[in-house]
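Count along the sequence shown starting at 1, add 20, and that's the number in the working numbering. Glycine included, every Cβ here is placed at the ideal spot set by N, Cα and C. The structure presented is a predicted model; accordingly, all values stated were derived computationally and were not measured.
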Amino acid sequence: MKQNFEIVLISPVIHKEIIDHLAIPVTFIPFNNRSFKDFAGLLKFVRNTSFSHSLNLSMNIWGGFLVNQSKSRQKIGLLQELEHYVYKGANLFYDKSLSYPTDTHNFEVLRRVFEEVSESVEFSPCIEEKSLDDGWIVIHPFASWQPRQWPRYFELIDRLVSREYKIRVIGTRKEYQSIVIPEKIRCCPSVSFEILSSVGELLNQIEQCRAFIGNDSGPAHYAALIGKPTTVIWGPGFFERIHPKGKNVNFCISPVNCRPCRQKGKSCMAGNNLCLQNISVDMVVETFENSMKVASQPELIN
Numbered sequence: 021m022k023q024n025f026e027i028v029l030i031s032p033v034i035h036k037e038i039i040d041h042l043a044i045p046v047t048f049i050p051f052n053n054r055s056f057k058d059f060a061g062l063l064k065f066v067r068n069t070s071f072s073h074s075l076n077l078s079m080n081i082w083g084g085f086l087v088n089q090s091k092s093r094q095k096i097g098l099l100q101e102l103e104h105y106v107y108k109g110a111n112l113f114y115d116k117s118l119s120y121p122t123d124t125h126n127f128e129v130l131r132r133v134f135e136e137v138s139e140s141v142e143f144s145p146c147i148e149e150k151s152l153d154d155g156w157i158v159i160h161p162f163a164s165w166q167p168r169q170w171p172r173y174f175e176l177i178d179r180l181v182s183r184e185y186k187i188r189v190i191g192t193r194k195e196y197q198s199i200v201i202p203e204k205i206r207c208c209p210s211v212s213f214e215i216l217s218s219v220g221e222l223l224n225q226i227e228q229c230r231a232f233i234g235n236d237s238g239p240a241h242y243a244a245l246i247g248k249p250t251t252v253i254w255g256p257g258f259f260e261r262i263h264p265k266g267k268n269v270n271f272c273i274s275p276v277n278c279r280p281c282r283q284k285g286k287s288c289m290a291g292n293n294l295c296l297q298n299i300s301v302d303m304v305v306e307t308f309e310n311s312m313k314v315a316s317q318p319e320l321i322n
């Protein structure tokens with residue numbers, strides 16, 4: 021965008037809340053492949069609109085088809101992890117297919133992809149810092165896959181409260197249905213529970229907090245990107261490729277041979293979930309308090 025590209029982003033509608041919240045200057049078009057009428061309208065749009073480049077970053081067949089049908093000078097497809105995520109014949113959709121080593125971080129992948137359409141790309145994994153601080157530590161203890169969810173959050177909350185921190189737990193109504201909150205924690209005046217009803221509410225909670233603690237999940241990425249002291253309890257995910265980046269993000273991670281896990285089914289494929297079971301409350305508290313010390317130090321200006 022800094023190079024005056026006009027960008028059209030075709031993506032699931034949930035991403036529009038993020039685009040609007042951050043005031044990113046792109047034309048957003050919601051993607052819905054479950055409605056024939058919606059998809060037909062989208063197909064008509066890409067066929068009748070001239071683009072310099074079309075890129076499929078999703079690696080799914082619908083995105084590939086849209087790029088293939090677009091009125092573009094160059095059609096580019098990102099094809100990562102060929103054995104798991106790439107459908108047969110995918111190369112036929114594109115003028116150029118791109119693939120990088122599987123342990124390349126996603127930010128670096130995107131930087132290299134966009135170098136294909138521009139001679140030089142300045143890319144920094146950070147958003148203009150949000151300076152609000154309401155004094156509360158936000159904890160998001162949930163994850164989209166149960167074995168990515170650390171099992172000791174209530175012990176952690178109890179420990180942090182004993183150290184005079186104020187804790188705000190955030191999650192959707194559906195996420196809260198997956199846990200049972202101990203009475204001691206539920207009745208504690210230093211702990212609040214916020215039920216989120218939108219992505220915007222989630223982003224606001226993170227922007228206003230003093231620091232963030234959570235699993236490998238989207239909220240952790242946002243907290244890290246805006247410079248909040250961020251403690252991430254890392255489980256089975258592909259760390260080298262997808263870990264959050266930011267100026268004050270810290271990780272609690274236990275070395276295990278089975279990482280990265282394919283994350284299929286409802287339970288750990290190894291049967292023991294050692295990647296998270298091996299992470300103690302002491303380890304998380306120490307990592308968190310170290311991040312708070314870093315945050316309290318004045319930044320050096322070169």
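Here Asp236 is buried, its C-beta having at least 16 other C-beta atoms within 10 Å.
Comparing alpha carbon positions, the residue from Ile246, Cys281, Lys267 closest to Arg261 is Cys281. DSSP, read as helix, strand or coil, puts Lys265 in coil. DSSP, read as helix, strand or coil, puts His125 in coil. For Leu98, the enclosing beta strand (DSSP E) has its first and last residue at 91-98. Here DSSP, grouped into helix, strand and coil, assigns Val158 to strand. In this model, Gln169 and Glu184 are separated by some 25 angstroms (Cα to Cα). Of the residues Arg172, Ile147, Asn68, Asn126, the one whose Cα lies closest to the Cα of Ala43 is Ile147. Straight-line spacing of the CA atoms in Met303 and Cys278 works out to 21 angstroms.
Counting C-beta pairs with one atom in each stretch, the stretch 307-319 and the stretch 254-274 have three or more that are closer than 8 angstroms, which means they touch.
Looking at the DSSP output, Ile215 shares a beta bridge with Gly191. Here DSSP, grouped into helix, strand and coil, assigns Ser74 to strand.
Note on geometry: alpha-carbon atoms of Lys313 and Phe59 lie some 51 angstroms from one another. Gly238 sits in a helix when the DSSP states are folded into three classes. Assigned with DSSP and collapsed to three states, Ser31 falls in strand.
DSSP links Leu118 through a beta bridge to Leu98. Take Lys204, set aside five residues on each side of it, and the residues of its chain with a beta-carbon closer than 8 angstroms to its own are Asp178, in chain order. Within the same chain, Phe162 come within 6 angstroms of Gly191 by CB-CB distance, once the 5 residues on both sides are set aside.
Rounded to whole angstroms, Val33 and Ser90 show a C-alpha spacing of 20 angstroms. Note on geometry: alpha-carbon atoms of Gly220 and Tyr242 lie some 12 angstroms from one another.
Between the alpha carbons of Ile253 and Ser70 lies a gap of roughly 45 angstroms. With 16 or more neighbouring CB atoms inside 10 Å of its own CB, Phe51 falls in the buried class.
By the Cβ neighbour-count rule, Pro249 is buried, with 16 or more other Cβ atoms within 10 Å of its own.
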